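Beneath this line is the structure, given in structure tokens, with notes to follow.
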Amino acid sequence: MTMTKIIASLALASFALSASAVLAADETGESLYAKKCATCHGLTGQGQPAARPTVQPPIPPLAGSGYLQDDPDRTATLILHGKAGMPAFHLFLSDEQISKILTYARGAWGNQASPISPEVVADARKKLGDDGFKMPSN
Amino acid sequence: MENWGVPGMTRRRFLEQLGRIGGTTAVLAAMNAFGIATASAAERPPELRGSGKGKKVLVLGAGHAGATSAYELSKLGYEVTILEARAFTGGRAQTARKGFVAQEMGMDAEKCEFDEGLYINIGPWRIPYHHRSTLYYAKHFKVPLEIMVNENNASFVYSHKGKGPLAGKRIRQAEIKADIRGYSSELVAKAASTGKLEGLMQPEDKEVLLQYLIHEGYLSRKDLSYHGTDNRGWKIHPGAGLIGGEESEPYTFSDVLDSGLWQFFNSVPEFDMQHTMFQPVGGMDQIARGFEPHIKHMLKLNTEVEQIRQNDKGVTASWVNTKTGERGSTTADYCICAIPLSVLHRMDTDFPAEFVEAMEQVAYAPVGKSGLQMKRRFWEEDYGIYGGHIKTDFNCGYPQWIISLPSTGWQSQKGVLLGAYVFGDVAVETSALSQKERIDRFLEIGETVFPGEYRSNFETGFTWYWHKARYNQGGWAEWSKSARETAYPKLLEPSGRIYLAGEHLSHMTGWQAGAFESAWMQIEKLHNRATAA
Ligand SMILES: Cc1cc2nc3c(=O)[nH]c(=O)nc-3n(C[C@H](O)[C@H](O)[C@H](O)COP(=O)(O)OP(=O)(O)OC[C@H]3O[C@@H](n4cnc5c(N)ncnc54)[C@H](O)[C@@H]3O)c2cc1C
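Chains as they are written, first to last, in our numbering: chain A, 1 to 138; chain B, 139 to 671.
Here is the structure:
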């Protein structure tokens, strides 16, 4: 717990969001996805394949993912808050960035779900309040 | 002796009674609460009585939490089997040196090409003096320690974002520390001496405050001003004969403020970062090597657990040997599951829904590290910087990119420095690059601080990202405030016959001490239950 403090004060007090959480003019949902998600979920949303048929993929595909395409509030909360091996992005991505990424992913690789507005993400963030994770350092 | 509000209740009596109720762990925790020590709550393994003879325990994962559980339980007579997916023990406590091969998901295998004797700790690298559980095992297994230089006033700070003449320049830490505190002390001293603090403090404290400020900021007694101090470093160092030395000149207050370089310092560093800081001689994996001879006979390496099942009689893990393809299953009376939650959540288990949902409340931090081998220790030879960190405000996930210099092999020819320690979205983003692109990015940062020297001295590098490690899927557990209150307590309790252990079940997440102490906590619970029947 103690190790989270100093960076928390750096990351939270002086910067509401990390340095990169400002939408650059040329950032699209696709380019943001490539930077912030693709290392794990793959450029075409294929995830990381299972080592053998008897195990699940360590990182799930987003192409065809029900979780991604169902309830917008739940999906936005997942990106902000994380879930097991899925990291929490609330310190690193703005509402607008998350909206762009999710809107892109929900319409790419055969997915066909509605866009997610920045307001939906903002609402999810509000519900989290100051509950989020702090940046650790060790 | 203090009387603890109860007639006849001295502190010693209180602790003795607590020991009877709550075991040694409770006593040690209470001792800390009483301020007898300010250190990690547990100092040594719980003293457990009774025998585990005739009972089987299955330990999943041979990181520190698993190895500790296996080692301590086997001493009590339990018949222990450890299943470990990797080809080696220690889990995250890994050291990359010549010949070390590792593979991230979706990447080619990477082989470490450092010269013989050089290494980088790609996981844990520091042991604070108050992490007594980690120090306990280092001592127990006779792992020699050396000082890890975690603070170095001679090292540089560098700001590319700051304003004014100090931005974009490398500056010795001592200069910034002396100047910012000198000028701040001057301000307060002048305010105090001209009555501006009236009403804010007791009048009789004013004199002492002034003494303190003069002392703290190296102020002149005459005008209460800061004119610099030779303790920030010399322009010309004193020498023999007529070389009396020439004092350095302080920067101006507003230049120091504008530069933002003060952001790297606090009154005292974060508690976990303070000296005395240690590292094992030869690499952090030496602690894991210490356990090995004692757990070898119960250990199955290259054995990935695929499925966990339990009933009211026991626990069964089904596994596959990833080298030979051999499959099998192992059954025991109890299980210590020391697999990270990120990995466990994706495994085939029969935990109740509530337990699984609790696991989903944690998130794992993306983290990466890179060691860069330099053919000459220019930081030592040219700048007199021996260990410690060069601190910059480049974005590493938060604005404090460090380049960390090795605390070993002083004055030898070559050295491996930590060229990147990245977190959050920067870890995610840089992990999407190829090995070559990653190193190129890291060299670019070093080159801004050491133009003409950094790249030209670089020979070979090793990079590693924990969120792309199949058997970790993240650097360490992150608990939100509400998850700590709701989900975390559920995972501390056994699910049937399975006890979880690991850094994630501690308030020292991201520290080895969290792994050791969570194991101590869980084996005590397991043993009490197994011997109560
Ligand atoms: C970059 C970094 C820096 C750190 N710095 C420090 C530091 O300076 N000081 C410090 O004290 N701590 C530090 N830590 C934290 C420390 O490394 C961890 O807290 C500690 O090593 C965790 O131990 P563990 O036993 O809980 O987990 P692990 O070491 O991760 O052990 C889990 C084990 O389970 C195995 N496993 C996974 N899946 C399976 C499966 N399916 N079947 C069988 N086995 C499986 C894994 O291979 C692994 O061996 C750092 C961590 C990181 C990542």
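All C-beta atoms, glycine included, are put in the ideal place defined by N, C-alpha and C. In this text the structure is predicted, and so the values were computed from the model without any measurement.
- Taking the CA atoms as reference points, W457 of chain B sits about 4 Å from V443 of chain B.
- In this structure, L221 of chain B has its CB closer than 6 Å to one or more heavy atoms of ligand 1.
- In this structure, the CA atom of Q511 of chain B is about 36 Å from the CA atom of L643 of chain B.
- Beta-bridge pairing by DSSP links T601 of chain B to B:S508.
- Within the segment 44 to 56 of chain A, the residues whose Cβ lies closer than 8 Å to some Cβ of chain B are Q48, A51, R52, T54, V55 and Q56, listed in chain order.
- When rounded, the separation of the alpha-carbon atoms in T219 of chain B and A200 of chain B is 10 Å.
- Two segments are said to touch when three or more pairs of C-beta atoms, one from each, lie closer than 8 Å; by this definition the segment 489 to 498 of chain B does not touch the segment 247 to 255 of chain B.
- Within the segment 496 to 523 of chain B, those residues whose Cβ lies closer than 7 Å to any Cβ of chain A are, in chain order, M497, E498, V500, A501, Y502, A503 and P504.
- Look at D71 of chain A: its C-beta is not under 7 Å from any C-beta on chain B.
- Residues of chain B whose Cβ lies closer than 7 Å to the Cβ of D123 of chain A do not exist, since the nearest Cβ in that chain is about 17 Å away.
- Using a Cβ distance threshold of 7 Å, M422 of chain B and N259 of chain B count as a contacting pair.
- By the 16-neighbour rule on beta-carbons within 10 angstroms, G612 of chain B is buried.
- Here I285 of chain B carries a strand assignment [DSSP, helix/strand/coil].
- For W263 of chain B, the secondary structure class from DSSP, reduced to helix, strand or coil, is coil.
- Looking at the DSSP output, P418 of chain B shares a beta bridge with B:L283.
- Annotation: A426 of chain B has no Cβ neighbours in chain A at a cutoff of 8 Å; minimum Cβ distance is about 18 Å.
- A501 of chain B is positioned such that its CB atom lies no closer than 7 Å to that of A34 of chain A.
- The residue among B:H665, B:F532, B:M286 and B:A621 with its C-alpha nearest the C-alpha of G584 of chain B is B:F532.
- Proximity to Q412 of chain B across B:H665, B:P266 and B:S569 peaks at B:P266, based on C-alpha coordinates.
- Rounded to whole angstroms, the gap between the alpha carbons of R359 of chain B and Q401 of chain B is 28 Å.
- Here the segment 466 to 473 of chain B does not lie against the segment 550 to 568 of chain B, with fewer than 3 beta-carbon pairs under 8 Å apart.
- Those residues of the segment 561 to 595 of chain B placed with their C-beta closer than 8 Å to a C-beta in chain A are F561, G562, D563, V564, V566, E567, S569 and A570, ordered along the chain.
- The beta carbon of L630 of chain B sits no closer than 7 Å to any beta carbon of chain A.
- Here G535 of chain B has V560, F561, G562, D563, V564 and A565 as same chain residues with Cβ atoms under 7 Å from its own Cβ, once five neighbours each way along the sequence are excluded.
- Within the DSSP secondary-structure output, Q445 of chain B pairs in a beta bridge with B:S456 and B:D486.
- Excluding five sequence positions before and after I477 of chain B, the CB atoms of its chain that fall closer than 6 Å to its own CB belong to L198 and G199, given in chain order.
- The beta-carbon of A84 of chain A is placed less than 7 Å from the nearest beta-carbon of chain B.
- Where H527 of chain B is concerned, the enclosing beta strand (DSSP E) starts and stops at G526 to T530.
- Note on geometry: alpha-carbon atoms of T647 of chain B and P504 of chain B lie some 14 Å from one another.
- Short note on P262 of chain B: C-beta closer than 6 Å to some heavy atom of ligand 1.
- Judged by DSSP secondary structure, S467 of chain B falls within the beta strand (DSSP E) whose first and last residues are R465 to A470.
- Excluding its 5 nearest sequence neighbours in each direction, E251 of chain B has C-beta neighbours in its own chain below 6 Å: T598, listed in chain order.
- Between A84 of chain A and L221 of chain B, the CB-CB gap reaches or exceeds 7 Å.
- If the five residues before and after D520 of chain B are omitted, its C-beta is found closer than 8 Å to the C-beta atoms of E591, all from its own chain and listed in chain order.
- A straight line joining the alpha-carbon of I352 of chain B with that of S397 of chain B spans about 25 Å.
- The nearest non-hydrogen atom of ligand 1 is less than 6 Å from the C-beta of Q650 of chain B.
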